[in-house]
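Undergrad: Mind having a look at this structure? Questions to follow.
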Amino acid sequence: MKKLLTILGSIGMITGTATSVVACGVFIPTSDQRISLLDIDDINVVEGETKEEIQARIQARIQKAINSNLAKTIRPVFGMDYEIIWPSDELLAGEIITVKANATSEWLRDYFEIRIQAKTLIHDQRISLLGIRVTDIIEGDEREEILEKIQKAIDNKLKEIKGNDQKAVFGKDYVVDGLEEKWTEPGIILVRAKDESELIKDSFVIRMKDKAPIQIIKISISDINDIEAVVDYEREEIAEKIQKAIDNKLAEANPDRVKEAVLGIDYTIEWPNDESVVGNNIIVKASDKSMLIIDWFEIKIKPSHEIIDGNFDKKTAVPNGVNYFFFDESLIKDYDEVEVVEVDHNGQEIKDESFKKLRYAWLYEKGWINNSGLTEDMIPTEGPDQRTVSITAKNHVGLAYVKLKGVKKSNSKTKTKEFLNVNFVVDIKKFNIASLNNKLNAYVGEEQKTIESRVQTMIDTATFMHTSEDMKNITEPKRDFVIKHYPLHDGIHVGDQITVIANKSSKSIFGEFSFKLKADTRVDIWDLQWQFTPKPAETFKTFKNRFQEALNDKYPELNLQLKKDFFILSNPLLNDDDIIAGQRITINAHINSDKIKCEIKYFVPPGK
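Counting from 5, one number per residue, gives the positions in the sequence shown under our numbering.
Written out as structure tokens, the structure is:
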């Protein structure tokens, strides 16, 4: 079920009904005679429509709802009686438009959502599943019984529109997500047409009902007092803390049936005019119409107290990104079992994973990072007297604090670990890609996908990006950028400009950068494949030195350098002193090199 909710949430369809308009919200006592927006579910919006067009249709539909329910004609006022929350300026397919009644409105209550539909072909004759409703599924229903009800609902719509007995086939024309063998708790089913179906399209949602309504007792949030906000925190980070604290409060009160509070529906956050002023208050209030929570609490903004009490280094990382810290090896010479731990701003170790801002933090073995073989801008080089700490951020912004901890050799019998005087601070925030302006090399004659891949690699390299855990199961993760002004016209010329723009929704990057197409003057080093031969008995370091000499002899004018213009990878990873017999070695030009291109692969046979 959790997996299904994730799928539904990603496409904006965790709702109460199933059409292009998604009706949802909280239930209001019947004594409230205002018009509920929950019942509006027939506004269709297609990608490409303007905000003005959409707003006019919303206004007309709300007006119609009022006129049909009240004895007198009342004109609802946009901005006074209701507001429209736009997901973005572009209004792309799949995004959600929220129409919400204002708390002060005398005529309206609740809210509804509209999912923006993709443009379809004019000649698309498939029947849309939007608007189908199945309302008789309850707790305890068996899987086959539910499938029969779904099939019947689809068949009825086909017959109603087409006028014949043509039937959709489960598995061929449509699939059902979230279907259990037997329903044992309230949940949601998503019925969606398959892309290859020639009969139906779109989708609808079924919400399973309880056998009996469950009484929800409103929980007071007035005693929430453990949320900390300091002047360094971003609004997003504070809002996440507030959401988690309220959800924890609900879970404590009713662990068996927990509903998440929703910002804007169940509670509001009143931000001060300036969050950088110590002493200002952030006020969190439960909404009058919330069926989950009541009361309010406030958070006082505190001063920053970074743990800069000794050896200190501060670096930035993007959400889901990686970065590296170097420190003098002498600082840990008196300690064993040294580890890296995340601490709070007071220097106390954080035990609860949910409160950590870092996914990983560890100390590399001496020299390990230098044997990765990657170029300097991808993996930095550890100095001879240095050690390396690597951190990987979670998908959040804000400051994270890191310390080293180990067993002092003089206390080795007790094995008690203590903090060392080595501290790091990670500032997790978005990266401005404007710093990459005119730094990317692309050439006339290259395919668009090759250039796009190079753009992705450049951004990943600049940000030390790392694929987050929740993206690993997605086949094609959505890129954080779009490429505009790509010269797809005939006769691409040197000097044509390409612009890369970060998506507004990206949590890792912002801004834009440009680069111009060049004539391809790079040297293809492929012929070294045959002119240079590895020696099985030599060490990896000797092999690298000999290959460097071969490059210098053949292309002295290029001044090619290992880890800057090219890199050498071994599989498995080799140390400099390891013999290369029986190993696979690959030489790659740097992806952004303007000097050389090509890839060379060797399999070194066993033996001497």
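Glycine is no exception: its CB is placed at the ideal position from the N, C-alpha and C atoms.
1. Check whether the Cβ atoms of LYS522 and ALA397 lie closer than 8 Å to each other.
2. Quick one: Cα of VAL322 to Cα of ASN436, how far?
3. Specify, as a first and last residue, the run of the alpha helix (DSSP H) that GLU553 falls within.
4. Beta-carbon within less than 6 Å of LYS605's beta-carbon, same chain only, minus the 5 sequence neighbours each way: which residues are those?
5. Helix, strand or coil for LYS601? Go by DSSP, reduced to three states.
6. Just to confirm, are SER512 and ASN277 a CB contact at a threshold of 8 Å?
7. Counting Cβ pairs closer than 8 Å, one from the region 248-267 and one from the region 327-345, do we hit at least three?
8. So, are the CB atoms of VAL401 and GLU302 less than 8 Å apart?
9. Pull up the CB-CB distance for LEU203 and ILE131, whole angstroms please, since I reckon it's below 8 Å.
10. Roughly how many whole angstroms lie between the Cα atoms of ARG526 and ASN596?
11. Whose C-beta lies closer than 8 Å to the C-beta of ASN229 among residues of the same chain, with five residues either side of it excluded?
12. Would you be able to state if there are at least three C-beta pairs under 8 Å between the region 552-561 and the region 336-354?
13. Between the Cα of TRP111 and the Cα atoms of ASN71, GLU149, GLY499, ALA97, which residue gives the shortest distance?
14. Exposed or buried, what is HIS594 when buried is set at 16 or more other beta-carbons lying within 10 Å of its beta-carbon?
15. In the DSSP assignment, what residue or residues form a beta bridge with GLN67?
16. Beta-carbon within less than 6 Å of LYS153's beta-carbon, same chain only, minus the 5 sequence neighbours each way: which residues are those?
17. Kindly indicate which three-state DSSP category VAL322 falls into: helix, strand or coil?
18. Taking 8 Å as the cut-off, decide whether the C-beta atoms of VAL448 and LEU408 are in contact.
19. Going by DSSP, what residue range makes up the beta strand (DSSP E) through GLU341?
20. For GLU542, collect the residues of the same chain with a Cβ closer than 8 Å to its Cβ; drop the 5 residues on either side in sequence, then sort them by chain order.
21. Roughly how many whole angstroms lie between the Cα atoms of ILE487 and ASP598?
22. Roughly how many angstroms separate the alpha carbons of ASN168 and ASP114, rounded to a whole number?
23. Going by the CB atoms, is the gap between LEU577 and ASN375 shorter than 8 Å?
24. Going by the DSSP bridge assignment, what does VAL401 pair with across the sheet?
TA: So, from the data block:
1. No, these two residues do not count as a Cβ contact at 8 Å.
2. Each residue's Cα considered, the two are about 10 Å apart.
3. Per DSSP, GLU553 belongs to the alpha helix (DSSP H) from 544-558.
4. Same-chain partners within the cutoff: THR590.
5. Three-state DSSP puts LYS601 in a strand.
6. Judged by their CB atoms, SER512 and ASN277 are not nearer to each other than the 8 Å cut-off.
7. Output reads no: the region 327-345 does not touch the region 248-267.
8. For the pair VAL401 and GLU302, the CB atoms are not nearer than the 8 Å cut-off.
9. LEU203 to ILE131, Cβ: 7 Å. Contact.
10. In a straight line, the C-alpha of ARG526 is about 11 Å away from that of ASN596.
11. The answer, listed in chain order, is PHE301.
12. Cβ pair count under 8 Å is below three, so no.
13. The option with the nearest alpha carbon to TRP111 is ASN71.
14. Result: buried.
15. Residue pairing by DSSP places GLN67 opposite no residue, since no beta bridge is assigned to it.
16. The answer, listed in chain order, is VAL138.
17. Note: VAL322 maps to coil in three-state DSSP.
18. Result no, Cβ atoms of VAL448 and LEU408 do not sit closer than 8 Å.
19. Residues 339-347.
20. Apart from sequence neighbours up to five positions away, the residues of its chain that approach GLU542 with a beta-carbon distance below 8 Å are ARG550, ILE583, ILE584, ordered along the chain.
21. For ILE487 and ASP598, the distance between alpha carbons rounds to 21 Å.
22. Their Cα atoms are separated by approximately 40 Å.
23. Cβ atoms of ASN375 and LEU577: closer than 8 Å.
24. Per DSSP, none; premise fails for VAL401.
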